[in-house]
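Heads up, the sequence shown is in our numbering, so the first residue is 44 and it goes up one at a time. Glycine included, every Cβ here is placed at the ideal spot set by N, Cα and C.
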Amino acid sequence: KFVVLHRPFLETIASHHDWDGGPPIHSNVIRGFMLMLRRFLDTHIYDLVNGRRLWSLVCVERIMAKNYQDQFDVKKARR
(Lines of atoms letter the chains of each structure in order from A and count residues from 1; the text may use other names and numbers.)
(Lines give C-alpha, C1' and ligand atoms only; values in the text may rest on other atoms or scores of the structure.)
Protein backbone atom coordinates (compact mmCIF):
# COMPACT_ATOMS: atom_id res chain seq x y z
CA LYS A 1 0.00 0.00 0.00
CA PHE A 2 1.25 3.47 -0.88
CA VAL A 3 0.52 6.81 0.73
CA VAL A 4 0.89 9.64 -1.76
CA LEU A 5 1.63 13.01 -0.18
CA HIS A 6 0.46 15.97 -2.21
CA ARG A 7 2.21 19.27 -1.64
CA PRO A 8 1.42 22.55 -3.42
CA PHE A 9 3.69 22.92 -6.47
CA LEU A 10 4.87 26.49 -5.84
CA GLU A 11 5.61 25.76 -2.18
CA THR A 12 7.66 22.75 -3.24
CA ILE A 13 9.71 24.76 -5.72
CA ALA A 14 10.20 27.66 -3.31
CA SER A 15 11.46 25.37 -0.53
CA HIS A 16 14.47 24.37 -2.65
CA HIS A 17 14.85 27.36 -4.96
CA ASP A 18 18.62 26.83 -5.28
CA TRP A 19 18.45 23.19 -6.42
CA ASP A 20 19.04 22.15 -10.04
CA GLY A 21 20.38 25.56 -11.01
CA GLY A 22 17.37 27.63 -9.95
CA PRO A 23 13.57 27.67 -9.91
CA PRO A 24 12.89 27.23 -13.66
CA ILE A 25 15.00 24.08 -13.97
CA HIS A 26 13.96 22.74 -10.57
CA SER A 27 10.30 23.17 -11.51
CA ASN A 28 10.90 21.12 -14.69
CA VAL A 29 12.52 18.34 -12.65
CA ILE A 30 9.61 18.29 -10.19
CA ARG A 31 7.08 18.28 -13.06
CA GLY A 32 8.87 15.28 -14.55
CA PHE A 33 8.59 13.37 -11.27
CA MET A 34 4.93 14.36 -10.98
CA LEU A 35 4.21 12.96 -14.46
CA MET A 36 5.99 9.68 -13.69
CA LEU A 37 4.12 9.33 -10.40
CA ARG A 38 0.77 10.12 -12.04
CA ARG A 39 1.34 7.50 -14.75
CA PHE A 40 2.27 4.90 -12.14
CA LEU A 41 -0.75 5.66 -9.96
CA ASP A 42 -3.11 5.61 -12.93
CA THR A 43 -1.97 2.11 -13.86
CA HIS A 44 -1.79 0.71 -10.31
CA ILE A 45 -5.07 1.66 -8.68
CA TYR A 46 -6.13 -1.72 -7.27
CA ASP A 47 -4.32 -4.74 -5.89
CA LEU A 48 -4.75 -7.53 -8.44
CA VAL A 49 -4.96 -10.16 -5.68
CA ASN A 50 -7.45 -8.72 -3.19
CA GLY A 51 -9.02 -5.84 -5.16
CA ARG A 52 -8.22 -3.18 -2.55
CA ARG A 53 -6.88 0.23 -3.45
CA LEU A 54 -3.10 0.31 -3.55
CA TRP A 55 -2.69 3.95 -2.61
CA SER A 56 -4.24 6.81 -0.72
CA LEU A 57 -3.77 10.51 -1.41
CA VAL A 58 -3.01 12.79 1.52
CA CYS A 59 -2.89 16.53 0.97
CA VAL A 60 -0.04 17.87 3.08
CA GLU A 61 -1.87 21.16 3.61
CA ARG A 62 -4.58 19.30 5.54
CA ILE A 63 -2.12 18.05 8.14
CA MET A 64 0.16 21.09 8.51
CA ALA A 65 -0.48 23.11 11.67
CA LYS A 66 0.31 26.41 9.96
CA ASN A 67 -2.98 26.16 8.06
CA TYR A 68 -5.19 26.09 11.16
CA GLN A 69 -6.21 28.51 13.89
CA ASP A 70 -5.63 26.27 16.92
CA GLN A 71 -4.60 22.77 18.05
CA PHE A 72 -8.22 21.57 18.13
CA ASP A 73 -8.54 22.23 14.39
CA VAL A 74 -5.17 20.59 13.73
CA LYS A 75 -6.20 17.41 15.56
CA LYS A 76 -9.53 17.35 13.75
CA ALA A 77 -7.84 17.64 10.34
CA ARG A 78 -5.32 14.91 11.16
CA ARG A 79 -7.94 12.28 12.00
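Quiz item: Is valine 128 helix, strand or coil when you go by DSSP?
Solution: There is no way to answer for residue 128, as the model of the chain reaches only from 44 to 122.
Quiz item: From phenylalanine 52 to aspartate 61, what does the alpha carbon distance come to, in whole angstroms?
Solution: 15 Å
Practice problem: Pick out whichever of Gln112, Arg96 and Lys118 has its Cα sitting closest to the Cα of valine 46. | Solution: Arg96
Quiz item: Taking the Cβ atom as the reference point for each residue, do isoleucine 56 and proline 66 lie within a distance shorter than 7 Å?
Solution: yes
Quiz prompt | Among Asp63, Gln112 and His49, the one whose alpha carbon lies nearest that of arginine 81 | solution = His49
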